[in-house]
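Protein chains in written order, with the numbering used here: chain A, 136 to 278; chain B, 3 to 140.
First the structure, in the form of structure tokens, and then the observations on it.
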């Protein structure tokens, strides 16, 4: 096992859970990030401001932690740009077709015990594992 | 408006959680997916931590008729598993495994001034635009 960080993972996960609960309790909205991003351009005009604020908060939260704990995360360098560009495009297409990503289905959906979200999450993970196997071990495209 | 403030605050907590759990490190995500190689189960614990809180909280919150500061809960209406869901989820999983990024960390990664984050966000939005162009009924 490589660099397993159980405590920061559990604590970070709990913060994500609190953030999702808060958005649901006060605003009645699901913290599904692909849907929130999509709505910045595709939701009705009066349903866009909160989305931009949520996304700005995502950046601010990352900045806050980096300020409190300098060097805690460092950007990755030298990863093939083609894998990012094609991968990112597929993330965009797939989350629209499946109506959600790891936050929407994996956290909020499973928290509501939605069968759709459980199936979607298992599918992401299996497809992701197969892809990493192909890229790292069959084609050896990345280290 | 106060619901806008909640959205911002919820985003801050969510982003802090993604950074604290190292989920904005794409190699950490790829190592979780690399079961036959450098497996790192941290992502699983992030999910467990998030679900422990969210499952408990959602049960209590969804007993209410309406949210505290808005007129109704806006929850997904679909309940059944259909081929479209599995197809889309598989496409997403392939992109996730290629890049190491899902949408949340792509955005929070901007806080590290990561060039990868910027590429991801542009690529994700191109995916959104193309999918709407192809699938939205006029």
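Glycine included, each C-beta is placed from N, C-alpha and C at the ideal position.
Any non-hydrogen atom of the ligand ZN closer than 6 Å to residue i Cβ
{"i": "residue 269 (chain A)", "result": "Judged by which ligands are present, the structure shown has none, so any question about the ligand ZN falls away."}
For residue j and residue i, believed in contact at Cβ under 8 Å, the rounded distance
{"i": "residue 121 (chain B)", "j": "residue 220 (chain A)", "result": "6 Å"}
{"i": "residue 271 (chain A)", "j": "residue 102 (chain B)", "result": "In fact, because the Cβ distance is near 11 Å, the residues do not count as touching under 8 Å."}
{"i": "residue 194 (chain A)", "j": "residue 104 (chain B)", "result": "Not a contact, Cβ separation roughly 16 Å."}
{"i": "residue 157 (chain A)", "j": "residue 50 (chain B)", "result": "Going by Cβ atoms, the distance from residue 157 (chain A) to residue 50 (chain B) rounds to 19 Å, so no, they are not a contact pair."}
{"i": "residue 232 (chain A)", "j": "residue 86 (chain B)", "result": "6 Å"}
{"i": "residue 99 (chain B)", "j": "residue 267 (chain A)", "result": "5 Å"}
{"i": "residue 151 (chain A)", "j": "residue 13 (chain B)", "result": "That belief does not hold up - the Cβ atoms of residue 151 (chain A) and residue 13 (chain B) are roughly 11 Å apart, past 8 Å."}
{"i": "residue 239 (chain A)", "j": "residue 165 (chain A)", "result": "6 Å"}
{"i": "residue 10 (chain B)", "j": "residue 189 (chain A)", "result": "7 Å"}
{"i": "residue 72 (chain B)", "j": "residue 147 (chain A)", "result": "Rounded, the Cβ-Cβ distance is 27 Å, inconsistent with contact."}
{"i": "residue 256 (chain A)", "j": "residue 245 (chain A)", "result": "6 Å"}
{"i": "residue 169 (chain A)", "j": "residue 235 (chain A)", "result": "6 Å"}
{"i": "residue 184 (chain A)", "j": "residue 6 (chain B)", "result": "6 Å"}
{"i": "residue 161 (chain A)", "j": "residue 70 (chain B)", "result": "5 Å"}
Minimum Cβ-Cβ distance from residue i to chain A less than 7 Å
{"i": "residue 79 (chain B)", "result": "no"}
{"i": "residue 120 (chain B)", "result": "no"}
{"i": "residue 85 (chain B)", "result": "no"}
Where residue i falls, given that 16 or more other Cβ within 10 Å makes a residue buried
{"i": "residue 203 (chain A)", "result": "exposed"}
{"i": "residue 74 (chain B)", "result": "exposed"}
{"i": "residue 206 (chain A)", "result": "exposed"}
{"i": "residue 230 (chain A)", "result": "buried"}
{"i": "residue 175 (chain B)", "result": "A query on residue 175 (chain B) cannot be resolved here, the shown segment of chain B reaching from 3 to 140 and no further."}
{"i": "residue 1 (chain B)", "result": "Summary: the structure shown does not reach residue 1 (chain B), with chain B confined to residues 3 through 140, and so no result is reported for it."}
{"i": "residue 81 (chain B)", "result": "exposed"}
{"i": "residue 55 (chain B)", "result": "buried"}
{"i": "residue 36 (chain B)", "result": "buried"}
{"i": "residue 30 (chain B)", "result": "buried"}
{"i": "residue 58 (chain B)", "result": "exposed"}
{"i": "residue 248 (chain A)", "result": "exposed"}
{"i": "residue 242 (chain A)", "result": "buried"}
{"i": "residue 109 (chain B)", "result": "buried"}
{"i": "residue 172 (chain A)", "result": "buried"}
{"i": "residue 275 (chain A)", "result": "exposed"}
{"i": "residue 63 (chain B)", "result": "buried"}
{"i": "residue 250 (chain A)", "result": "exposed"}
{"i": "residue 181 (chain A)", "result": "exposed"}
{"i": "residue 53 (chain B)", "result": "buried"}
{"i": "residue 273 (chain A)", "result": "exposed"}
Cutoff 7 Å: residue i Cβ touching any chain B Cβ
{"i": "residue 206 (chain A)", "result": "no"}
{"i": "residue 179 (chain A)", "result": "no"}
{"i": "residue 195 (chain A)", "result": "yes"}
{"i": "residue 273 (chain A)", "result": "no"}
{"i": "residue 185 (chain A)", "result": "yes"}
{"i": "residue 278 (chain A)", "result": "no"}
{"i": "residue 147 (chain A)", "result": "yes"}
{"i": "residue 141 (chain A)", "result": "yes"}
{"i": "residue 174 (chain A)", "result": "no"}
{"i": "residue 215 (chain A)", "result": "no"}
Closer than 8 Å at the beta carbon, the chain D residues around residue i
{"i": "residue 263 (chain A)", "result": "This model lacks chain D altogether; the protein chains it does include are A and B."}
At a cut of 8 Å, does the segment 89 to 101 of chain B reach the segment 223 to 231 of chain A through at least three beta carbon pairs? yes
Secondary structure, alpha helix (DSSP H): runs of 4+ residues fully inside the segment 190 to 238 of chain A: 216 to 233
Any 3 or more C-beta pairs closer than 8 Å across the segment 190 to 204 of chain A and the segment 101 to 116 of chain B: yes
Segments assigned alpha helix (DSSP H), at least 4 residues, entirely inside the segment 18 to 97 of chain B: 28 to 35, 44 to 63
Determine, using beta-carbon pairs with one atom in the segment 21 to 28 of chain B and one in the segment 136 to 155 of chain A, whether at least three such pairs fall under 8 Å. yes
Would you be able to state if there are at least three C-beta pairs under 8 Å between the segment 161 to 178 of chain A and the segment 122 to 135 of chain B? yes
Are the segment 209 to 218 of chain A and the segment 39 to 49 of chain B in contact at 8 Å, needing three or more beta carbon pairs? no
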